[in-house]
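S.K.: Mind looking over this structure? Questions follow.
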Amino acid sequence: MNPRIEEISQWALVGERLKRAELLELAALGERYPHDLLYWANRVRADRFGDCVRACSIVPGKLGACPEDCKWCAQSARGAPDVTPFRRTPMDEILHAADEAARNRVPNLGIVNSGRAPAGGDLDDVIEAARQIGHAHGQSLHVCASLGELNDEQARRLAKAGITRYHHNLETSRRFFPNVVTTHDYDSRLRTLRAARQAGMSVCCGGLFGMGETAVDRVDLAVTIRDEVGPDVVPLNFL
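Following my numbering, the numbering of the sequence shown begins with 11 at its first residue and continues without gaps.
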C-alpha cells in the first residue's frame, strides 16, 4: 500500500478539505498505484454514502436540433448528418414515463430538453408537466429538470412549479472547455447553477470524461464543482 495515498485518503476520511495540490498528487500517484487509489476511493465512498444506490430516471421533453456545438452530443444540429431529429415529446408520453418511474419506486424523474436555453413555450410545457405529475404522484415522485441555461426569473418559475432539482453539468475544466464547446462559455454554466440554487432548487452538476482532457483537468473540474457550485448530486459520465 502506497503510504502517501493512504495518508491523504485518511485526511479525507476525517473530513479534511483536500487542497488542489494534494488532489493532483493523488492523481499522479494513481498512475503508478491504481489499485491503491481505487481501494482508498472506495473507502471514502463507503464512509460517505454506504453500500446503497439511489436511482433516478429521465424523459426527453424536446429532442434534437440544438444550435450549440458541444462535440460529444448527438443532439447538436452541427454534428454528423445522422444526429437526433427534432421532436417534442407529447405530454401523455411524459406522464407515462412518470407513472413508470413511480411504479418502479424511482424517487426522481428529470425532464431533459435539447437546446441552449428554454425557448418559445418550453418552460410552460415543463411547468405543466410538473403540475400534472405532482397532482398524480404527490411527494412520492420528485420532478427535476435539465433545460440548459436559465436566468433568475426562469429558475424561480420552475421552483415555484414544484421542480425540486436542476441539472446542469460543467462537463470539464475551465481550461479545456473551449476545446469541446465554442458557442457558449463556462461562466454561463456557472450563472445558471447559481440561479437554480438561489431559486431554491437543489443542484445536480458533474462532468464528462474521455474527451481528451488531462488528469489535471479532471482535478480542476472537481475543485470547481466543490468550491464554486457545491451541488447536492454529482453525476459522472464516461465516453
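From the three backbone atoms N, C-alpha and C, an ideal C-beta is built for every residue, glycine too.
Give me, in chain order, the residues of the same chain whose beta-carbon lies closer than 6 Å to that of alanine 206; leave out the 5 immediate sequence neighbours on both sides.
M.R.: Contacts found: Ala165, Tyr176 and Val213.
S.K.: Take the Cβ of methionine 101 as the centre, count every other Cβ of all protein chains shown within 10 Å, and call the residue buried at 16 or more, exposed below.
M.R.: Exposed: under 16 other Cβ atoms inside 10 Å.
S.K.: Quick one: is phenylalanine 187 buried, meaning 16 or more other Cβ sit within 10 Å of its Cβ, or exposed?
M.R.: It counts as buried.
S.K.: With distance defined between alpha-carbon atoms, name the residue in Arg14, Met211, Gln20 and Lys29 nearest to aspartate 230.
M.R.: Among Arg14, Met211, Gln20 and Lys29, the Cα nearest to that of aspartate 230 belongs to Lys29.
S.K.: According to DSSP, simplified to helix, strand and coil, what is leucine 218?
M.R.: Strand.
S.K.: For histidine 45, is the classification buried or exposed, using 16 other Cβ atoms within 10 angstroms of its Cβ as the cut-off for buried?
M.R.: Result: exposed.
S.K.: Classify lysine 72: buried if its beta carbon has 16 or more other beta carbons within 10 angstroms, exposed otherwise.
M.R.: So lysine 72 ends up on the buried side.
S.K.: Put glutamate 110 into one of helix, strand or coil per three-state DSSP.
M.R.: Of the three classes helix, strand and coil, the one that applies to glutamate 110 here is helix, per DSSP.
S.K.: Once the 5 residues before and after tryptophan 50 are set aside, which same chain residues still bring their CB inside 7 Å of it?
M.R.: Correct list, in chain order: Ile15, Glu16 and Ser19.
S.K.: So the beta strand (DSSP E) threonine 174 belongs to, where does it begin and stop?
M.R.: Here the beta strand (DSSP E) through threonine 174 covers 173-177.
S.K.: Out of Leu218, Asn179 and Ser156, state which residue places its alpha-carbon closest to the alpha-carbon of alanine 140.
M.R.: Among Leu218, Asn179 and Ser156, the Cα nearest to that of alanine 140 is on Ser156.
S.K.: Using 8 Å as the cut-off, can you tell me whether the segment 104-123 makes contact with the segment 184-203, which would need three or more C-beta pairs spanning the two stretches below that distance?
M.R.: Taking 8 Å as the limit for Cβ pairs, the verdict is that the segment 184-203 does not touch the segment 104-123.
S.K.: With DSSP run on the structure shown, which of helix, strand or coil describes proline 77?
M.R.: In this structure, proline 77 counts as coil in the three-state DSSP scheme.
S.K.: Provide the residue(s) that pair with phenylalanine 248 in DSSP beta bridges, ordered along the chain.
M.R.: Phenylalanine 248 is bridged to Phe219.
S.K.: Consult DSSP for glycine 148 and reduce its assignment to one of helix, strand or coil.
M.R.: Looking at glycine 148 - three-state DSSP - the assignment turns out to be helix.
S.K.: Answer with buried or exposed for proline 13, where buried requires no fewer than 16 other C-beta atoms within 10 angstroms of its C-beta.
M.R.: By the neighbour-count rule (16 or more Cβ atoms within 10 Å), proline 13 is not buried but exposed.
S.K.: How about glutamate 238 and serine 183: are their beta carbons less than 8 Å apart?
M.R.: No; because the gap between Cβ atoms is not below 8 Å, this pair is not in contact.
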